[in-house]
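Protein chains in written order, with my numbering: chain P, 14 to 310; chain S, 729 to 973. The beta-carbon is built from N, C-alpha and C at its ideal position, and this holds for glycine as well. Model, not experiment: these values are computed from the prediction. The next block holds one structure in the form of structure tokens; read it before the comments.
The structure is reproduced here in structure tokens:
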């Protein structure tokens, strides 16, 4: 409902801008018809003023529409953050109160401890993403060293298998060629983990994530993370890397998150002089995310 | 044994709720989408005594689910449980038809007390309908202009027709009736009926009033009982003077 309201507001401002331009044009035509006898200078002066007014109206409309969209993203982010921060806290608190106030057998206790650990991991991950996003915007310097990307990927897979309780077959890795790169270990680890987490989360119950690394040209190693999830519409392939962006429709609400994960991936790639992009043959046909980083000489 | 439906997509929370509510002696069913919850009520007599409903659900959100349930004539007592605890969200929940609202993270004992409260009210309702003569609570109703609001069984009776009301709708009506003839400010209503003390956008209450007018006014576009007092709030008049002309 809020979204529909904002769309109406955007349509209103675009309509208002177009209306003002039309009125200005009509005024100018009237001006020319009334003053054409007074010479070419007045006519040219009118043209210049007209161009300035029209440019001003267009700029103003663009600015307003961008601000409305930014507000929309901001609200979506606040909602997502509220959910991502409060839900694990609510869960941990519920289990702690349960353990405190009820007789719980040993087996159940172990299960509750595991759930609380998972929730604290989820909370920590959200906090780290927000802090990392803050650092990306600042002047935080990279600590560039030689990194074995293969090892980073293996470690991220071990962590994801434990976190999501997945088999070795559900998450696989194959290295094609050299895997030593130059980069900031902490940032590269975060980017690789985000790609794997994303692939697992969007796979639903059918987790078949294939990670590969290969040399691209002379200067780069690419990590490809392929999933068999719902795929991405072509119009969203670039948008999904924007900060706070969530794919519209029920797909986004089924997978909860902050909308920061892929933004971090793209920022890490850019800060290392590399690239990040997504490929998908469309909805229902899975997707591949590629992270390209500079190879070690 | 009372039966509770939990609509929650966060598996950990859902299982924690199931464990605790079962430990309290309730029969619990958990579904993870709004659509699944609506399906359980489709064209059926309600099998659940209370619904615990999350707001941020995949697909249809909790506000839509409760609103559709009420439109379909399902008046099962519903507690909304959500991370969105801002006063505007709370009002939106009540306005959509919720009976109670609890923000996450919540206190387990408060949650259980609220569920017990909803169940108690439902028992009164069922008890008084099943055997009106044996209903223990004394009559608690208000009649005006051929309409009767029964505060105990949560319904409005108009010329033989019965309209179920939610707990919050009854509370608002009761408050306005208690202040009959006097203007009541939006702020005061939010404070005393909803218990919202924060600096809330008081206009949020207007949607609620629009719904109440649909119940109690013959022509909701020209209200005669539930009047707007410009710049203040609302005023309830039980027996308005006959229209002139």
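Have a look at residue 861 of chain S and residue 871 of chain S and give me their C-alpha separation to the nearest angstrom.
Confidence in residue 861 of chain S is poor, its pLDDT being 47 and thus under 50, which makes the residue's placement unreliable; the coordinate value appears in the next sentence. The alpha-carbon atoms of residue 861 of chain S and residue 871 of chain S are separated by roughly 20 Å.
Does the segment 136–148 of chain P come into contact with the segment 113–128 of chain P, if we say contact requires no fewer than three beta-carbon pairs (one atom in each stretch) closer than 8 Å?
Segments in contact, no.
State yes or no: is the C-beta of residue 299 of chain P within less than 8 Å of the C-beta of residue 241 of chain P?
Yes, the pair counts as a contact, with Cβ atoms nearer than the cut-off.
In the segment 96–113 of chain P, which residues sit with their C-beta less than 7 Å from some C-beta in chain S, listed in chain order?
So the close ones are 96, 99, 100, 102, 103, 104, 106, 107, 108, 110 and 111.
When you compare only the Cα positions, how much space is there between residue 272 of chain P and residue 136 of chain P?
Looking at the two C-alpha atoms, the distance is approximately 15 Å.
Among residues of its own chain, excluding the 5 on either side of residue 817 of chain S, which ones have a beta-carbon nearer than 6 Å to its beta-carbon?
The answer is none, since no qualifying residue turns up.
Among the residues of its own chain, which have a CB less than 6 Å from the CB of residue 764 of chain S, if the five just before and after it don't count?
There are no such residues.
Could you tell me whether the Cβ of residue 833 of chain S comes closer than 8 Å to any Cβ of chain P?
Answer yes: the Cβ-Cβ gap between residue 833 of chain S and chain P drops below 8 Å somewhere.
Do you know how far the Cα of residue 798 of chain S is from the Cα of residue 890 of chain S?
Taking the straight line from one Cα to the other gives about 14 Å.
Would you call residue 949 of chain S buried or exposed, if buried means 16 or more other Cβ atoms sit within 10 Å of its Cβ?
Classification of residue 949 of chain S: exposed, given that the 10 Å Cβ count is below 16.
Verify the CB distance criterion: does residue 240 of chain P have a CB-CB separation below 8 Å to chain S?
Chain S, which has no Cβ nearer than 8 Å to the Cβ of residue 240 of chain P, makes this no.
For a minimum of 4 consecutive residues, which ranges assigned as the alpha helix (DSSP H) are wholly contained in the segment 785–822 of chain S?
With a minimum length of 4 residues, the continuous alpha helix (DSSP H) runs that stay inside the segment 785–822 of chain S are 790–799.
According to DSSP, which residues form a beta bridge with residue 195 of chain P?
According to DSSP, residue 195 of chain P bridges with P:159.
Enumerate in chain order the residues of its own chain whose CB-to-CB distance from residue 94 of chain P is below 8 Å, with the five nearest sequence positions on each side excluded.
139, 143 and 271.
For residue 170 of chain P and residue 209 of chain P, which I take to be in contact (beta-carbon distance under 8 Å), what is that distance rounded to the nearest angstrom?
Their Cβ separation, rounded to whole angstroms, is 7 Å, which keeps residue 170 of chain P and residue 209 of chain P in contact under 8 Å.
Does the segment 822–842 of chain S come within contact of the segment 102–117 of chain P, defined as at least 3 CB pairs closer than 8 Å?
Cβ pair count under 8 Å is three or more, so yes.
Can you tell me where the beta strand (DSSP E) holding residue 186 of chain P begins and where it ends?
Looking at the DSSP string, the run of the beta strand (DSSP E) that includes residue 186 of chain P is 184–189.
By a C-beta neighbour count over all protein chains shown, 10 Å radius and 16 as the cutoff for buried, is residue 91 of chain P buried or exposed?
Under this definition residue 91 of chain P is an exposed residue.
List in chain order: all unbroken beta strand (DSSP E) runs of 3+ residues lying wholly within the segment 211–285 of chain P.
Those beta strand (DSSP E) runs which fall completely within the segment 211–285 of chain P and span 3+ residues are 222–229 and 233–240.
I'd like the span of the beta strand (DSSP E) that includes residue 961 of chain S, first residue to last.
Counting along the chain, the beta strand (DSSP E) containing residue 961 of chain S begins and ends at 961–964.
Taking the C-alpha atoms as reference points, what is the distance between residue 66 of chain P and residue 42 of chain P?
Approximately 14 Å between the Cα atoms of the pair.
Just to make sure I have the definition right: I need the residues of chain C whose C-beta is within less than 8 Å of the C-beta of residue 741 of chain S. Which are they?
The structure shown contains no chain C; its protein chains are P and S.
Determine, for residue 199 of chain P, whether the minimum Cβ-Cβ distance to residues of chain S falls below 8 Å.
Chain S contact via Cβ: absent.
With 8 Å as the threshold, decide whether the Cβ of residue 747 of chain S is near any Cβ in chain P.
Cβ-Cβ to chain P under 8 Å: yes for residue 747 of chain S.
Mapping the DSSP letters down to three states, classify residue 829 of chain S as helix, strand or coil.
Three-state result, residue 829 of chain S: strand.
Can you tell me which of P:277, P:237, P:231 and P:134 puts its alpha carbon nearest to the alpha carbon of residue 253 of chain P?
Closest option to residue 253 of chain P, Cα to Cα, is P:277.
Please state the DSSP three-state secondary structure of residue 861 of chain S.
A caution first: residue 861 of chain S carries a pLDDT of 47, below 50, which makes its placement in the model unreliable, though a value can still be read off. Helix at residue 861 of chain S.
Taking the alpha-carbon positions, what's the residue 228 of chain P to residue 164 of chain P distance?
Each residue's alpha carbon lies about 16 Å from the other.
The alpha helix (DSSP H) spanning residue 104 of chain P covers which residue range?
Its alpha helix (DSSP H) spans residues 53–114.
Using DSSP bridges, identify the partner residues of residue 309 of chain P.
According to DSSP, which records beta bridges pairwise, residue 309 of chain P is partnered with nothing at all.
Please work out which residues of its chain come closer than 8 Å, Cβ to Cβ, to residue 111 of chain P, disregarding the five sequence neighbours upstream and downstream, and give them in chain order.
The answer, listed in chain order, is 117 and 125.
When Cβ atoms are compared, which residues of the segment 747–775 of chain S fall closer than 7 Å to chain P?
From the segment 747–775 of chain S, only 747, 748 and 751 have a Cβ closer than 7 Å to chain P.
What residues of chain S sit near residue 115 of chain P, judged by a beta carbon separation below 7 Å?
Result: 751.
Count the other CB atoms, across all protein chains shown, that sit within 10 Å of the CB of residue 802 of chain S; report buried if there are 16 or more and exposed otherwise.
Residue 802 of chain S should be labelled buried.
List the endpoints of the continuous beta strand (DSSP E) containing residue 955 of chain S.
Element bounds for residue 955 of chain S: 954–957.
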